[in-house]
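Numbering-wise (the numbering used here), the sequence shown opens with residue 125 and increments by one. Even for Gly, the Cβ is constructed at its ideal location relative to N, Cα and C. Down below is the structure, laid out as structure tokens.
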Amino acid sequence: MNETDSSAGGFRIGWEEWVGLPSLGLPALRAKIDTGARTSALHAFDIEAFGPASAPKVRFAIHPIPGRDDVSIPCSASIIDRREVTSSNGESEWRYVIESQIVLGGHRWPIEITLTDRSQLTYRMLLGRQALRDDMIITPSQRFCQPQLNYDVYHSAAVKAAAPTRALRIAVLSREEGNYSTRRLVEEGEKRGHVVEVIDTTRCYMAINKLAPEVHYDGKRLARYDAIIPRIGASITPYGTAVIRQFETIGTYCVNPSDGITASRDKLHAHQILARHKIGMPATAFAASPKDTSNLIGLVGSAPLIVKLLESTQGKGVVLAETRKAAESVIDAFRGLKANFLVQQFVKEANGEDIRCLVIGGKVVASMKRSAAEGDFRSNLHRGGIAASVRITKAERETAVRAARAFRLNMAGVDLLRSEDGPKVLEVNSSPGFEGIEKASRKNIAALLYDDIEKRVRPTPARRRTGAAQVATDRPAP
């Protein structure tokens, strides 16, 4: 019989033991067994309720290692109750109550836990009477009757691998709540147990200061979010990216960074970034003076040519000039409107087709071929183009991944042309639509995005301390 077991078939515990709360992503905690307390308590911080009233959740964070405030584990759980609890010093407070599996030695069972912000205490957890099993034998004069753990797990990749998929609070920045892509993000997120809120970007306003930067919405300060999914329309790019920068300042994970979105929206800047990273693209030229029109056309070759507004979207502001004279006329017209534009080589062998590669987390997760409607050279689905599934080549896959990486975009729609000398990038879209590619590829794009978000918000291994500090905090007490 194991020496930790009693002759009556129970198991012995001391006044202090190592426990794990695997459903919260806390594999090792030192807990004090407190028979004077009725309920168990977890000492947490940043405790915040979220979600609908019909299914409320709470999120919080734990510093599992005493003295190591740099080690923080984010947690979330469903709220099962809210109770008034009186502590040993006679103070009363209302606390959220959650349920979690506890592991002690080789034993595992569910317990109720109250959450309280008392991080100054030595023990991160108190185990109250309600959590004690009938087959336990408490030995008040001893400690660590059950096998000891240690804090090493928080310094290894195991802490990330063992982290459960917790409920996240996610904001979708979009002015179109009924848009297909926005609806899919909400549906898929809620299916996975997350709380997804659609926020009109233009209704956000910001408090900018060095101590507590905030984002406000509809008269209230927005809560902390685990992740932001930007769906910023081209017409509000400057303000939309300012809002994203504010979330970045706060420390919120944003699927696409503000600078990547800004660069991708400016066609000239985007092509300069592609050129810097030596990524194939159609020959492109830009000039400000009308005196340089002839030279500008000469830089990209002979007609036919493409003349494109710098901030064009969905095929709007893109003109095919069949002859040199037609190109000069279009350029003069754009200059008369004081519009910024560029001139680009027309890739004839593409035959009015392009490839959309959807990149998420540095991988091409889906692709489709878009064919232009009869009589048009633009293959955009918004212009009547037709989408179909397509098998892409290794070179096309690598080009799409490199293009997304050049803009630091975790989600991007990379549009490629198939040319005689390899794939050429037409555009990198930082807010790609889901409808066409989900239907063409028959893949759940929203789910693939959430897979990536869930991985990125998992805790990362903490750095080890050296010398006496590590001995004091990282090792179990004798």
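| Query | Result |
| --- | --- |
| Spell out the partners DSSP gives S495 in its beta bridges. | E477, I510 |
| Contact defined as beta carbons within less than 8 Å: I believe P354 pairs with N333. What is the distance between those atoms, to the nearest angstrom? | Not quite, the Cβ-Cβ distance comes to about 23 Å (not below 8 Å), so this is no contact. |
| Between which two residues does the alpha helix (DSSP H) containing L572 stretch? | 569-580 |
| Pick out whichever of D545, L228, I484 has its Cα sitting closest to the Cα of P406. | D545 |
| With DSSP run on the structure shown, which of helix, strand or coil describes E446? | coil |
| Buried or exposed for Y329, please, with buried defined as at least 16 other CB atoms from any protein chain shown within 10 angstroms of its CB. | exposed |
| CB-CB under 7 Å to R242, same chain, minus the five flanking residues each way: which ones, in chain order? | H167 |
| Grouping DSSP H, G and I as helix and E and B as strand, with all else coil, what is G175? | coil |
| Count the other C-beta atoms from every protein chain shown that fall within 10 angstroms of the C-beta of T365, then say buried if there are 16 or more, exposed otherwise. | buried |
| Along the chain, where does the alpha helix (DSSP H) containing F531 start, and where does it finish? | Here F531 belongs to no alpha helix (DSSP H), and DSSP marks it neither H nor E. |
| State the start and end residues of the unbroken alpha helix (DSSP H) segment that holds Y304. | 304-315 |
| Go ahead and pull the three-state DSSP assignment for H340. | strand |
| Quick one: Cα of V339 to Cα of R400, how far? | 35 Å |
| Pairing CB atoms from the region 465-475 with CB atoms from the region 565-572, are three or more of them under 8 Å? | no |
| I'd like the span of the alpha helix (DSSP H) that includes T361, first residue to last. | 361-374 |
| Are L398 and V549 touching if we call contact CB-CB under 9 Å? | yes |
| Which two residues bound the contiguous alpha helix (DSSP H) that contains A418? | According to the sequence shown, residue 418 is Ser rather than Ala. Here the alpha helix (DSSP H) through S418 covers 417-424. |
| Thinking C-alpha only, which one of I262, F174, E522, Q270 is nearest L228? | Q270 |
| Which residues bound the alpha helix (DSSP H) around D383? | 382-389 |
| Can you check whether the CB of Y341 is closer than 9 Å to the CB of I323? | yes |
| What is the C-beta distance between G537 and R480, in whole angstroms, given that I count them as a contact (C-beta under 8 Å)? | 6 Å |
| Output the boundary residues of the beta strand (DSSP E) element that contains I561. | Looking at the DSSP string, I561 is not in any beta strand (DSSP E); the run it does join, the alpha helix (DSSP H), is 559-565. |
| Give the range of the beta strand (DSSP E) segment to which C199 is assigned. | 197-202 |
| What is the DSSP secondary structure of R400, counted as helix, strand or coil? | helix |
| Buried or exposed for K391, going by 16 or more other Cβ atoms inside 10 Å? | buried |
| If you draw a straight line from the C-alpha of G252 to the C-alpha of G160, how long is it? | 7 Å |
| If I measure Cβ to Cβ from E578 and keep anything under 6 Å in the same chain, skipping five residues before and after, which residues do I get? | T289 |
| Within 8 Å, do at least three Cβ pairs link the region 216-226 to the region 141-154? | yes |
| Checking 9 Å against the spacing of the C-beta atoms, do I455 and T417 come in under that value? | yes |
| Assuming M405 is part of the beta strand (DSSP E), what are its boundary residues? | Element bounds for M405: n/a, residue is neither H nor E. |
| Grouping DSSP H, G and I as helix and E and B as strand, with all else coil, what is F470? | coil |
| If distances are taken between C-alpha atoms only, which option among L572, A255, T386 comes closest to H231? | A255 |
| Any idea which residues DSSP pairs G144 with across the strands? | V227 |
| Examine chain C for any beta-carbon lying closer than 9 Å to the beta-carbon of A451, and answer yes or no. | Among the protein chains of the structure shown there is no chain C, as only one such chain exists. |
| Would you list the residues sitting across from E217 in a DSSP beta bridge? | V209 |
| Got a sec? Which residues, its chain only, sit under 8 Å from R207 by beta carbon, not counting five neighbours each side? | T163, W218, R219, V221, T238 |
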